[in-house]
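The block underneath contains the structure these notes are about, expressed in structure tokens.
Residue numbers (the working numbering): 2 to 339.
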């Protein structure tokens with residue numbers, strides 16, 4: 002049984018990133034943890050989930066506008082903001098490489114998935130990429146190519162990482178499927194993307210992760226997460242907020258575990274509640290869920306992970322550390338049968 006985190010931490014400086022990385026490595030490096038590359042989006046748009054991923058898109062240029070990231074073409078001459086995002090990620094990975102020297106074990110990184118990118122990033126002439134079938138296809142394919150290069154870079158930096166996990170964050174996917182993403186004007190909604198197209202684009206990116214030798218996971222903590230679609234597209238790991246799993250979703254998670262795929266149960270609050278959970282209550286919650294779906298802990302312990310319900314960027318620094326530590330201690334207790 003292992004613990005991990007979804008990705009983000011509070012803070013707004015490089016020192017905050019270094020401290021977040023120290024917490025991640027300190028809590029999760031070991032038999033019962035899956036460390037990851039933390040994100041500290043408070044440092045600016047280049048450090049956020051969208052900016053980090055846009056920075057990796059070698060086949061597409063982008064710049065930063067008041068409304069957010071915008072594609073600008075395929076000249077191969079990225080604007081200063083995209084170069085800044087690339088440089089900041091390289092700096093973060095330098096720190097990861099330094100703090101994990103001689104590390105052996107699993108390691109995770111996170112990127113924004115193709116549909117959340119399409120619902121967030123603008124086309125050169127305005128409105129979201131989501132509005133244009135060809136543009137969203139090009140964006141997904143560019144992301145697939147970027148993933149290949151990113152995994153190769155991580156392999157070089159973390160030669161002892163096995164398995165290497167790439168988590169695609171898709172918080173906007175349910176809205177994309179429901180046709181509820183607002184247009185730039187705010188007066189309309191983008192058309193629904195039907196499941197076959199959504200699955201195909203995800204499949205390109207998840208397949209690129211797999212072909213690069215890493216495990217493809219998807220995180221979606223929004224209500225109505227399309228878990229069956231994600232598995233069908235090639236996700237070999239599903240990360241969810243356990244309190245938001247849709248009707249029928251618990252059976253999908255159980256099927257994934259029985260098939261040997263990974264499931265990350267988000268069970269620790271991302272902001273400090275008035276009555277914080279204890280290690281015992283987290284452990285009991287996981288055991289109750291296993292009983293609900295008819296699975297034995299010993300049977301699935303190698304594939305089941307516990308984590309905070311979502312990213313910790315909006316948490317206070319003290320709670321972010323405590324939340325990750327709570328997930329780690331619960332995983333140790335479950336793994337050791339205490």
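Note that CB positions come from ideal geometry on N, CA and C, so glycine has one too.
Values in this document were obtained by computation on a predicted structure and should not be read as measured data.
For residue 67, the number of other beta carbons within 10 angstroms of its own is below 16, and it is reported as exposed. Judged by DSSP in its simplified three-state form, residue 112 adopts strand. Residue 209 and residue 248 have their C-alpha atoms spaced approximately 30 Å apart. When the alpha-carbon of residue 264 is set against those of 64, 275 and 296, the nearest one is in 296.
An exposed status is given to residue 92, since fewer than 16 other beta-carbon atoms sit within 10 Å of its beta-carbon. Nearest Cα to residue 100 within the set 270, 21, 192 and 138: 21.
A residue is called buried when at least 16 other Cβ atoms come within 10 angstroms of its Cβ; residue 33 meets this threshold and is buried. Residue 41 is positioned such that its CB atom lies closer than 8 Å to that of residue 17. In this structure, the straight-line span from the alpha carbon of residue 218 to that of residue 211 is close to 10 Å.
With respect to residue 72, residue 147 sits apart: the two C-beta atoms are not nearer than 8 Å. In this structure the region 266-275 touches the region 300-314; the number of beta carbon pairs closer than 8 Å is three or more. DSSP lists 183 as the bridge partner or partners of residue 190. Annotation: the continuous alpha helix (DSSP H) that includes residue 324 extends over 318-336.
Uninterrupted alpha helix (DSSP H) stretches at least 4 residues long and entirely within the region 36-91 occur at 50-57, given in chain order. In the DSSP secondary-structure assignment, residue 170 is bridged to 113 and 220. DSSP, reduced to helix, strand and coil, places residue 242 within a strand of the structure shown. Residue pairing by DSSP places residue 263 opposite 238 in a beta bridge. For residue 140, the uninterrupted alpha helix (DSSP H) run begins and ends at 134-158, by DSSP. As computed with DSSP, residue 3 is found in a beta bridge with 306. If you ignore the 5 residues before and after residue 133, its C-beta comes within less than 7 Å of the C-beta of 124, all in its own chain and listed in chain order. In this structure, residue 232 lies near residue 257, with their beta-carbon atoms less than 8 Å apart. Spanning the alpha carbons of residue 129 and residue 172 requires a straight line of approximately 16 Å.
The C-beta separation of residue 194 from residue 169 comes to about 16 Å, leaving the pair out of contact by the 8 Å criterion. In the same chain as residue 81, and ignoring 5 residues on each side of it, no C-beta atom comes closer than 7 Å to its own. In this structure residue 24 is in contact with residue 325, their Cβ atoms being roughly 6 Å apart against a cut-off of 8 Å.
In this structure, residue 135 sits away from residue 86, with a CB-CB distance that is not shorter than 8 Å.
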